[in-house]
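Heads up, the thing below is written out as structure tokens.
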Amino acid sequence: MDGTNAPPLLALAEVRKSYNLGQPNEAEVLHGVDLRIAAGEFAALIGPSGSGKSTLLNIVGLLERMTSGRYEIAGRPVQDHDDDGLTELRRSTFGFVFQFHHLLPAFSALENVTLPALARDGRIGRRVAQRGRALLDAVGLAEAMDKRPSQLSGGMQQRVAIARALVLEPALVLADEPTGNLDTASADDVFALLRSIHADAGTSFLVVTHDPRMAARCDRIVELVDGRIARDGPMTAA
Amino acid sequence: MRRPLGFEVLVALRFLREGRFQSVLIIVGVAAGVAVVAYISALVDGLQRNTLTKTLGAQAHISVRPREERVIAPPAPAPGTLVLRDVQPRAQRLRSIDNWPAVADVLARTPGVAAVSPMAAGAALAQRAEATRSVAVTGVEVERYDRIVQLREKLVAGPLRLQPGEAILGATLADDLGVRLGDRLTLTTGPRSSTLRVAALVDMGVRDLNRRTVIVPLREAQSLLDIAGGATQIDLRLDDVWSAQALAGRLGHQLPHDVESWQQSNAQLVSALNAQNVSTGLIRIVVLVVVILGIASVLVVSVVQKQREIGILRAMGATRAQVLRVFLVQGALVGAVGAVAGVLLAAAMVALFTHFVRGADGQPLFAITLPPALALQVAAIALVAGVLAAVMPARRAARMDPAQAIRI
Chain A
290 MDGTNAPPLL
300 ALAEVRKSYN
310 LGQPNEAEVL
320 HGVDLRIAAG
330 EFAALIGPSG
340 SGKSTLLNIV
350 GLLERMTSGR
360 YEIAGRPVQD
370 HDDDGLTELR
380 RSTFGFVFQF
390 HHLLPAFSAL
400 ENVTLPALAR
410 DGRIGRRVAQ
420 RGRALLDAVG
430 LAEAMDKRPS
440 QLSGGMQQRV
450 AIARALVLEP
460 ALVLADEPTG
470 NLDTASADDV
480 FALLRSIHAD
490 AGTSFLVVTH
500 DPRMAARCDR
510 IVELVDGRIA
520 RDGPMTAA
Chain B
342 MRRPLGFEVL
352 VALRFLREGR
362 FQSVLIIVGV
372 AAGVAVVAYI
382 SALVDGLQRN
392 TLTKTLGAQA
402 HISVRPREER
412 VIAPPAPAPG
422 TLVLRDVQPR
432 AQRLRSIDNW
442 PAVADVLART
452 PGVAAVSPMA
462 AGAALAQRAE
472 ATRSVAVTGV
482 EVERYDRIVQ
492 LREKLVAGPL
502 RLQPGEAILG
512 ATLADDLGVR
522 LGDRLTLTTG
532 PRSSTLRVAA
542 LVDMGVRDLN
552 RRTVIVPLRE
562 AQSLLDIAGG
572 ATQIDLRLDD
582 VWSAQALAGR
592 LGHQLPHDVE
602 SWQQSNAQLV
612 SALNAQNVST
622 GLIRIVVLVV
632 VILGIASVLV
642 VSVVQKQREI
652 GILRAMGATR
662 AQVLRVFLVQ
672 GALVGAVGAV
682 AGVLLAAAMV
692 ALFTHFVRGA
702 DGQPLFAITL
712 PPALALQVAA
722 IALVAGVLAA
732 VMPARRAARM
742 DPAQAIRI
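These protein sequences, in sequence, are chains A and B. Just so we're aligned, residue 290 is where the first sequence starts under the numbering used here, counting upward by one. Just so we're aligned, residue 342 is where the second sequence starts under the numbering used here, counting upward by one.
Have a look at this one:
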């Protein structure tokens, strides 16, 4: 929490999410979640499988719509946006890192990194190209810019995905199990990279993880159990 | 906000390259479809043009003749009266069109009429020594008649000239009578006869015409046929051959004469041409449907295969419209590349046809070309078909829920 009067980066209140609405197999997976993330935070979202972590992350990242509740980004409600408006907001606010990197196999590492800018502008300007190269350099892949994902190791692919998440300078990076598919050494490297980006650029992070070692390296722990926030506090208090 | 299509084009190209085997297959399919449509269109067009040229080369687009004389039946008798009646059709006399110069003048000023030629035509007997042949005497002003049937192009011997006392003969008739240029023959019609010098020989392109045609000066025919100063027919040539039917209909209402278009006098030919057009149209439609289904099926598979990529693109900030356009561009690219390849293939097939398919005389059977307008038309249809084929898969891709797509 930043302790100022400025609105938090994002604020969710009484957020519920149900699937198969109105059908016999209707199921509510989030039961009134309240969550606030301030600018510059590095938070972990933990919880057992099926607790609703990925659903909450998707709702936060505007990849899914909540069934009910309130959600504000920088003090502005998101409910009123249409699909294009949500896409615009998602592009300008969030970067995504997925467990399986999800790079596009037909594009080089540099092209993957600059893809969000291409979607936004319709072309790759010189400044974006420079930033893409600088990001790949920063994640230690200066030599692999023209390589396809299939030519890179799992750890390298995840580094490319991190560079891609940062190319549009998002306020918050949403990382869903970013180290879940990596060996311990690679996982440590990737997590260290996230922390260094947080320290250097002040980018906020919300990291879903099952790994207690990784959770322990975050500043704040949000624990979700059965679709409800069971615990929310600084790491030292966990 | 309008932005350049760099994203859509790049992603579409990469998706096509990624599934290059599928892409090549469908491009070959589109090319084959375009080639078949373009080649068949060119072939049918060439065939029809050749048939029309041969048919209309020896006849007018429209002919105006005096109305047939009909016997008018007596008025109906009072009810209950028994009547025995036998009405016989009247034998048709050779008659002139009343005041034909004025009619010809009106026709010449009719929009769409390129040339007008009066004619006095009838049957006669041609004699040369022992040989006798039944012939069709055609009395014309040769320069005007040339504009109707392009007589100059049909000359096989002698100049296009018709002085008093001269005749132009069909080439086969000349052989039958054993005459050459400068020889004389006698034409007889009932009590009248005339001796004429052979000035030229023509090949009308139809054997029967070559065996019967004798073209003489108009005055000579008027004298032979005993219709002093008259014309039994006025021939018209039009700017647009296909407007003959409609113009003949209008003239038939305006003039007190029989007006016949070339379509009416060649009904079977017109039916055959129409049947060809319908067949070509059906082939086009079937090929178009096959092309659309082919492109659509490949893109549907592509959408299914690339669900996760689509989800990632959406998460990265691509809008639904951008995803839609990615697949429309793919359809357009497949259609465009297939169209270019298909037109080139059709051009090669046309060249092969022209080179290898020849008649007994070693000449090409008929001219077949692939006009740029036809190539462009077929290519444009393929391009539109590509985009249309992509609409359904593209909409499916654009509707995808990004979170669900990424989870797959």
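Beta carbons: idealized from backbone N, C-alpha and C, even for Gly.
DSSP bridge partner residues for B:Val481 (one or two, in chain order): B:Met460 and B:Pro558
Contact between the stretch 413 to 424 of chain A and the stretch 684 to 704 of chain B is defined here as three or more beta-carbon pairs at a separation below 8 Å; is this criterion met? no
Does the distance from the C-beta atom of B:Arg560 to that of B:Gly511 stay below 8 Å? no
Beta-carbon separation of A:Gly444 and A:Ser475 under 8 Å? yes
Would B:Leu492 pass as a contact of B:Val478 if the rule is Cβ separation under 8 Å? no
Rounding to the nearest angstrom, what Cα-Cα distance links A:Arg453 and A:Arg380 in this structure? 12 Å
Should A:Gly311 be flagged as near chain B, meaning a C-beta pair shorter than 8 Å? By this cut-off, A:Gly311 is not an interface position.
Relative to chain C, which residues along the stretch 411 to 433 of chain A have a C-beta separation below 9 Å, given in chain order? In the structure shown, chain C does not exist; the protein chains are A and B.
What does DSSP give as the partner residue(s) for A:Lys306 in the beta ladder? Paired residues: A:Leu319.
Would you mind telling me which residues of chain B sit closer than 8 Å to A:Phe494, beta carbon to beta carbon, in chain order? Here the premise fails: no neighbours, minimum Cβ distance about 17 Å.
Cα-Cα separation, B:Gly531 to B:Val619: 50 Å
Among all the DSSP beta bridges, which residues are the ones paired with A:Val384? Residue identity check: residue 384 of chain A is Gly in the sequence provided, not Val. Paired residue(s): A:Val462.
Please report how far the alpha carbon of A:Ala333 lies from the alpha carbon of A:Ser485, in whole angstroms. 16 Å
Tell whether a beta-carbon distance below 8 Å holds between B:Leu518 and B:Leu528. no
From which residue to which residue does the alpha helix (DSSP H) around A:Pro405 run? Ala398 to Asp410
For B:Val582, name the three-state secondary structure that DSSP assigns. helix
Identify the contact partners of B:Gln663 in chain A, using a Cβ-Cβ distance below 8 Å as the criterion. Ala408
Give the DSSP bridge partners of B:Val642, in chain order. B:Val642 is not bridged to any residue.
For B:His598, the residue or residues it bridges with in DSSP: B:Pro407
Can you look up B:Pro713 in the DSSP assignment and give me helix, strand or coil? helix
For chain A, find out if any of its Cβ atoms is closer than 8 Å to the Cβ of B:Leu734; answer yes or no. The sequence shown places Pro at residue 734 of chain B, not Leu. It does not; no Cβ of chain A falls within 8 Å.
Run of the beta strand (DSSP E) containing B:Gly453, from where it starts to where it stops: Per DSSP, B:Gly453 belongs to no beta strand (DSSP E) and is neither H nor E.
B:Gly672: contacting residues in chain A (beta-carbon distance under 7 Å): Here the premise fails: no neighbours, minimum Cβ distance about 18 Å.
Counting only beta-carbon separations shorter than 8 Å, does B:Arg578 have a partner in chain A? no
Would you please verify whether the beta carbon of A:Ala363 is less than 8 Å from any beta carbon of chain B? no
For A:Leu375, which residues of its own chain have a beta-carbon under 6 Å away from its beta-carbon, when the five flanking residues on both sides are left out? The beta carbon of A:Leu375 lies closer than 6 Å to those of Leu351 in the same chain, with the five residues before and after it left out.
Who are A:Glu361's beta bridge partners in DSSP? A:Ala300 and A:Pro366
Under a Cβ-count criterion, where at least 16 other Cβ atoms within 10 Å of its own Cβ denotes burial, should B:Thr536 be classed as buried or exposed? exposed
Under 8 Å between C-beta atoms, does B:Thr396 make it to chain A? no
Assign B:Thr536 to one of three DSSP states: helix, strand, or coil. strand
A:Val511 (DSSP reduced to helix, strand or coil): strand
Span of the beta strand (DSSP E) around B:Ile568: Segment: none, B:Ile568 is in no beta strand (DSSP E) and carries neither H nor E.
Which residue from B:Gly570, B:Thr451 and B:Val664 puts its Cα closest to that of B:Ile438? Answer by Cα proximity: B:Gly570.
Between the alpha carbons of B:Ala714 and B:Val691, how many angstroms are there, rounded? 15 Å
DSSP state of B:Ala738, grouped into three classes? helix
Got a sec: is the Cβ-Cβ distance from B:Gly676 to anything in chain A below 8 Å? Nearest CB-CB separation between B:Gly676 and chain A: not below the 8 Å threshold.
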